[in-house]
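Some notes on the structure that comes next.
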Amino acid sequence: MLELKNLSKFYGNVKAVNQVNLTISKGEFFCLLGPSGCGKTTILRMVAGFEKVTEGNIYLEGKDITNDAPNNRDVNTVFQNYALFPNLSVWENIAYGLKIRKITKDECNRRVEDVVRLTGLSGFEKRMPSKLSGGQQQRVALARALVNRPSILLLDEPLSALDKKIAEQTRNELSELQRKVGITFIFVTHNQTEALALADRIAVMKDGIIEHCDQPKEIYEKPRTHFVADFIGSMNFFECTIKASEDKATLLEIPEIGDVILTGQNKQEAGKTVQFCVRPERMKISMLQPAEYENCIKGVIRQKTYLGEITKFVVELAGNRQISIMAQNYLLKLSNEFYDIGEEVNIIWSKTSGEIIHV
Amino acid sequence: MAGNLSRNNDLGIGQSKWLKFITWFGIAFLLLPLIILIVYSFNESRTVTRWEGFSFRWYKALFSDVSIWLAIKNSLTIAIVSTLVSVSLGTMAAMLIARYSFKGKKLLQNILYIPVILPDIIFGVALLSLFILIKFPLGIISVICAHVTFSFPFATMVIMGKVINLPESLSEASLDLGASRWQTFVKVILPNIAPGVISGALFAFSMSIDDFVITFFTAGVGASTLPLKIYSLIKHGITPSLNAISTILIVFTVVVLLMANFLQKTKKISRSFKIALGTFFLIIVGLLVVSPFFTKSSERLNIYNYSNYLDPELIKKFSNETGIKVTLDYVNDNDEMLAKLQMGVAGYDIIFPTAFMVEIMKKQNLLAPICIDSIPNYKYITPGFRKMSFDTTGRYYVPYAYGYTGMVYNSNYIEGPVDSWDILWDERYKGKIMMINEMREVFFVASKRLGFKMDTSLSKLNMARDILIEQKPLLKKYESNAIGDLMASEEVWIAQDWSGSITRLTSSDPKFKLGYPKEGVLFFIDNMCIPANAPNKGNAERFINFLLDPAHSAQNINCIMYAMPNDSAKKLIPAEILNNPTVFPKIKNFDSIEIARDFGEFNRELTRAWMEVKVH
Ligand SMILES: Nc1ncnc2c1ncn2[C@@H]1O[C@H](COP(=O)(O)OP(=O)(O)O)[C@@H](O)[C@H]1O
Ligand SMILES: [Mg+2]
Chain P
0 MLELKNLSKF
10 YGNVKAVNQV
20 NLTISKGEFF
30 CLLGPSGCGK
40 TTILRMVAGF
50 EKVTEGNIYL
60 EGKDITNDAP
70 NNRDVNTVFQ
80 NYALFPNLSV
90 WENIAYGLKI
100 RKITKDECNR
110 RVEDVVRLTG
120 LSGFEKRMPS
130 KLSGGQQQRV
140 ALARALVNRP
150 SILLLDEPLS
160 ALDKKIAEQT
170 RNELSELQRK
180 VGITFIFVTH
190 NQTEALALAD
200 RIAVMKDGII
210 EHCDQPKEIY
220 EKPRTHFVAD
230 FIGSMNFFEC
240 TIKASEDKAT
250 LLEIPEIGDV
260 ILTGQNKQEA
270 GKTVQFCVRP
280 ERMKISMLQP
290 AEYENCIKGV
300 IRQKTYLGEI
310 TKFVVELAGN
320 RQISIMAQNY
330 LLKLSNEFYD
340 IGEEVNIIWS
350 KTSGEIIHV
Chain A
0 MAGNLSRNND
10 LGIGQSKWLK
20 FITWFGIAFL
30 LLPLIILIVY
40 SFNESRTVTR
50 WEGFSFRWYK
60 ALFSDVSIWL
70 AIKNSLTIAI
80 VSTLVSVSLG
90 TMAAMLIARY
100 SFKGKKLLQN
110 ILYIPVILPD
120 IIFGVALLSL
130 FILIKFPLGI
140 ISVICAHVTF
150 SFPFATMVIM
160 GKVINLPESL
170 SEASLDLGAS
180 RWQTFVKVIL
190 PNIAPGVISG
200 ALFAFSMSID
210 DFVITFFTAG
220 VGASTLPLKI
230 YSLIKHGITP
240 SLNAISTILI
250 VFTVVVLLMA
260 NFLQKTKKIS
270 RSFKIALGTF
280 FLIIVGLLVV
290 SPFFTKSSER
300 LNIYNYSNYL
310 DPELIKKFSN
320 ETGIKVTLDY
330 VNDNDEMLAK
340 LQMGVAGYDI
350 IFPTAFMVEI
360 MKKQNLLAPI
370 CIDSIPNYKY
380 ITPGFRKMSF
390 DTTGRYYVPY
400 AYGYTGMVYN
410 SNYIEGPVDS
420 WDILWDERYK
430 GKIMMINEMR
440 EVFFVASKRL
450 GFKMDTSLSK
460 LNMARDILIE
470 QKPLLKKYES
480 NAIGDLMASE
490 EVWIAQDWSG
500 SITRLTSSDP
510 KFKLGYPKEG
520 VLFFIDNMCI
530 PANAPNKGNA
540 ERFINFLLDP
550 AHSAQNINCI
560 MYAMPNDSAK
570 KLIPAEILNN
580 PTVFPKIKNF
590 DSIEIARDFG
600 EFNRELTRAW
610 MEVKVH
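Protein sequences appear in the order of chains P and A.
Letter by letter, the first sequence follows residues 0 to 358 in numbering that gives the first Met the number 0.
Letter by letter, the second sequence follows residues 0 to 615 in numbering that gives the first Met the number 0.
Here is the structure:
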């Protein structure tokens, strides 16, 4: 179990990491997600011991390791650029940590062989790192860390240097691998798809602060802040006031556009200004009138982009506001030809869709 | 790749034939002297300017010369130790600068450039002043320190190139995998910067082997390096022997630099190459470490003399008989000797100043009185040489050898007999006459031609000056070092020359003949003196006594071909040497010979007159 207590790191005036509290349990696949520069790497480097902590503490299995040297921590890192030793072969790279720990030759060979097999590197043992592809280098970096059986494995954007296909394949293998070895993974990424696909839990970061930490589904469905809602997937936002609210339904007034209803929420404080947000794929364009369980507003189609799987519309609402709407192309097939740029349409969504974000 | 970027175009830019021609011409100009030097090192002939067939003669002569081996040993010791030290320091400095940010980092980087930019001579003088100030004894160690200071910045720069290219994350990965900082350095950093370290080492090594100027200033007893030895050999003109050493040095340097270049390009060094290089250095270091034990001895004697001015066999014999370890360093002229003594750190026991220099040194209290009682063989010294005008007490010098300045001429072009200085003013030989490039020698000749003794009279001096100016259009040039070469190549037909050099020329070819002027010649007497701060005064006296033994004196004369004031020795010398007037001038009355003196205050006038002649 890893615990970060009020962990902070300041570079002069820059608060790279600001009062972070996190508890990561054993065997968890944990993701740190956020845009570039938000402090993910800094957290990882403090856990690994490369960066001095400005404030706060790090506990590993209950033991305070805040000031331990990196070579005394039961933690291993897979570096973003892999950092393979260019002077050593694949085998020697992997065996490096074991040799340093003076593990017997037999044991060492056995463990290296195991992880070589596990990471699919059989046959490449004698190669030098410079003679490997990016994906293979990434596996060597992984194997080199895993072979030490650390309590925690830290991975800093391990897939970002790979091209899309290989990254996707490696992502699946990584997930499988983690389940096999049962080691806690802390995975840093700026790619939400990776995070959603891999993580047991995600912490979304912004400017050194954790905005929201929860399971992927919760983060996607019930973002707690505007930033999280905006950063993960895409989102349409409406500034609005709560007109009335009871236990299971809330009436919201969007200025110039009209009233909408959201059900399935807790009771809200009336008169408050909030943000109402709906995901583009939950909205649809229609000529028809809404059903009783649906909200409806009016708009004019301004853009229409065909993206293969889906078609993306940009619709202009009253007061020059624009929102986007995604339509699955298999549903659209015919209607695709119906709706064209410049047409006035109804925008319809279920009253159960959407989320209220407090500002 | 630059090659891929440059395209041929229709404008002809970069294709000019002239550009190519000039470039190649420049390169040829650069290499030609070296090629000539290498070719002539295999010349059978003594002279540099005439080819007489292929021979290894000069290499043989070179390798049988103990003093050259000693110089090579010193050069290698200094180069290897200074290389090891500067590479270690350089690696640390490179790591510090490349990896850490700290106050004064920019300053440190700029300071590193100072030795690169600063002229060697200033650097040398500065180091010398420092050594004197902190009373650091000059010797091999001081030279090593000096070499480290100039090669360390170069090593740092070369190594830094590799360190900067090494991602920081490699060290972090190693620490992350449990290695300590030291293990990380040895297992990860060092193997990856090794090509830089090795090529830095090779640069440092070749710089150290080649250095003359800084070594010249910082060398003390027993620290004569190969370049210093070469310079001292130039005293005797440019011989093929010199070409042979230079050839070896060139080949060695080129090999070392090629290796450095090769290593900088390769990323990974093959194992066998590493082993070969390692063994090579281990062997050399091993030899150097072991060799002092063979010659270890507590009793020492440090001699500071011109090269080829003392029979090396005698030194060997003295060492064997007494167990005293003798170190011989080479001096180039009297002024250098004076400079070393004035520094007060030289540590020499015997020096060989010329008479006028004895006078100067004595005035400056740089000489110790010699205890004549402990030199029984002093009795063999010709009495006329014992208390001469430059030291009437006779306590500060023991005369060593003497000679004079006469003339040498090529009898194919000049009809004999040559028996007067007048011939140096003879219009018929215009452009083929040469004078020595020393003011005392030149003004002496002019005074003699005018028929008076050279003294401190201004009017006489000005008259002498005037006839020298009159002579100037007839002269090839003023020259001290290459007289033999210019005579051999027949560019000069008649030259004022020292007797030792005349002896060599006349014995090499019968067409060269001695011209002994009836007006009189200027004698020089070189003496053995003991510096005031000599560390081994007793041994110096023992050695002087040893040299004065008639048998040893005779052997020495046979070797260096200069006369010595030792009457008993003369009986043991072969007649042809004894009767050779260039070695033993026919002197009726020793009291009347003129020797070069120190003019004291008048030196300034003399120098002024000499300048007036030179610039005319
Ligand atoms: N060594 C450093 N010195 C100064 N600022 C730094 C340093 N390292 C990181 N930062 C700053 O800290 C913030 C967080 O950086 P980082 O943790 O690398 O972000 P991420 O990995 O999320 O992209 C950034 O604003 C970055 O500029
Ligand atoms: Mg990062």
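Backbone N, C-alpha and C define an ideal beta-carbon position, used for all residues, glycine too.
Since we're looking at a predicted model, the values are computed, not measured.
C-beta neighbour in chain P for residue i, strict 8 Å
i, result
"A/Val-162", "no"
"A/Gly-620", "What the structure shows of chain A is the stretch from 0 to 615, and residue 620 of chain A is not part of that stretch, so it cannot be assessed."
"A/Asp-348", "no"
"A/Leu-176", "yes"
"A/Ser-179", "yes"
"A/Ala-172", "yes"
"A/Leu-169", "yes"
"A/Gln-108", "no"
"A/Gln-182", "yes"
Rounded C-alpha distance that separates residue i from residue j
i, j, result
"P/Glu-238", "P/Ile-253", "6 Å"
"A/Ser-15", "A/Pro-32", "27 Å"
"A/Ile-133", "A/Ala-533", "19 Å"
"P/Lys-163", "P/Gly-134", "11 Å"
"A/Pro-509", "A/Ile-543", "36 Å"
"P/Lys-51", "P/Met-45", "6 Å"
"P/Gln-264", "P/His-225", "18 Å"
"P/Glu-91", "A/Ile-274", "21 Å"
"A/Val-255", "A/Thr-224", "18 Å"
"P/Thr-351", "P/Ser-24", "34 Å"
"P/Trp-348", "P/Glu-210", "28 Å"
"A/Arg-49", "A/Ser-507", "14 Å"
"A/Ser-85", "A/Phe-280", "16 Å"
"P/Gly-298", "P/Pro-279", "14 Å"
"P/Val-259", "P/Leu-251", "5 Å"
"A/Val-378", "A/Thr-326", "For the sequence presented, residue 378 of chain A should be read as Lys rather than Val. Cα to Cα, the separation comes out at about 27 Å."
Any non-hydrogen atom of ligand 1 within 7 Å of residue i CB
i, result
"P/Lys-39", "yes"
"P/Ser-35", "yes"
"P/Val-13", "yes"
"P/Tyr-10", "yes"
Any non-hydrogen atom of ligand 2 within 7 Å of residue i CB
i, result
"P/Asp-155", "yes"
For residue i, the first and last residue of its enclosing alpha helix (DSSP H)
i, result
"A/Cys-558", "549-559"
"A/Asn-304", "Not the alpha helix (DSSP H): A/Asn-304 falls in the beta strand (DSSP E), residues 299-304."
"P/Leu-32", "Where P/Leu-32 is concerned, there is no enclosing alpha helix (DSSP H), although the beta strand (DSSP E) it sits in stretches over 28-32."
"A/Pro-190", "189-209"
Minimum Cβ-Cβ distance from residue i to chain A less than 8 Å
i, result
"P/Ile-99", "yes"
"P/Gly-96", "yes"
"P/Phe-49", "yes"
"P/Thr-240", "no"
"P/Phe-184", "no"
"P/Thr-41", "no"
"P/Ala-142", "no"
"P/Asn-108", "no"
"P/Asn-147", "yes"
Opening and closing residue of the beta strand (DSSP E) in which residue i lies
i, result
"P/Gln-18", "13-23"
"P/Lys-257", "Before going on, a small fix: residue 257 of chain P reads as Gly here, not Lys. Taken as a continuous stretch (DSSP letters only), the beta strand (DSSP E) holding P/Gly-257 covers 257-262."
"P/Ser-285", "283-285"
"A/Trp-50", "First-last for A/Trp-50: undefined, no H or E at that position."
"A/Ser-62", "It should be pointed out that residue 62 of chain A corresponds to Phe in this sequence rather than to Ser. Note, A/Phe-62: premise wrong, no beta strand (DSSP E); alpha helix (DSSP H) at 56-62."
Q | Residues from the region 186-202 of chain A in contact with chain P, defined by Cβ distance under 7 Å | A | Val-187, Pro-190 and Asn-191
**Q.** Selection of the region 66-90 of chain P by Cβ proximity to chain A, strictly under 9 Å
**A.** Ala-68, Pro-69, Asn-70, Asn-71, Arg-72, Val-74, Asn-75, Thr-76, Phe-78, Gln-79, Asn-80, Tyr-81, Ala-82, Leu-83, Phe-84, Pro-85, Asn-86 and Leu-87
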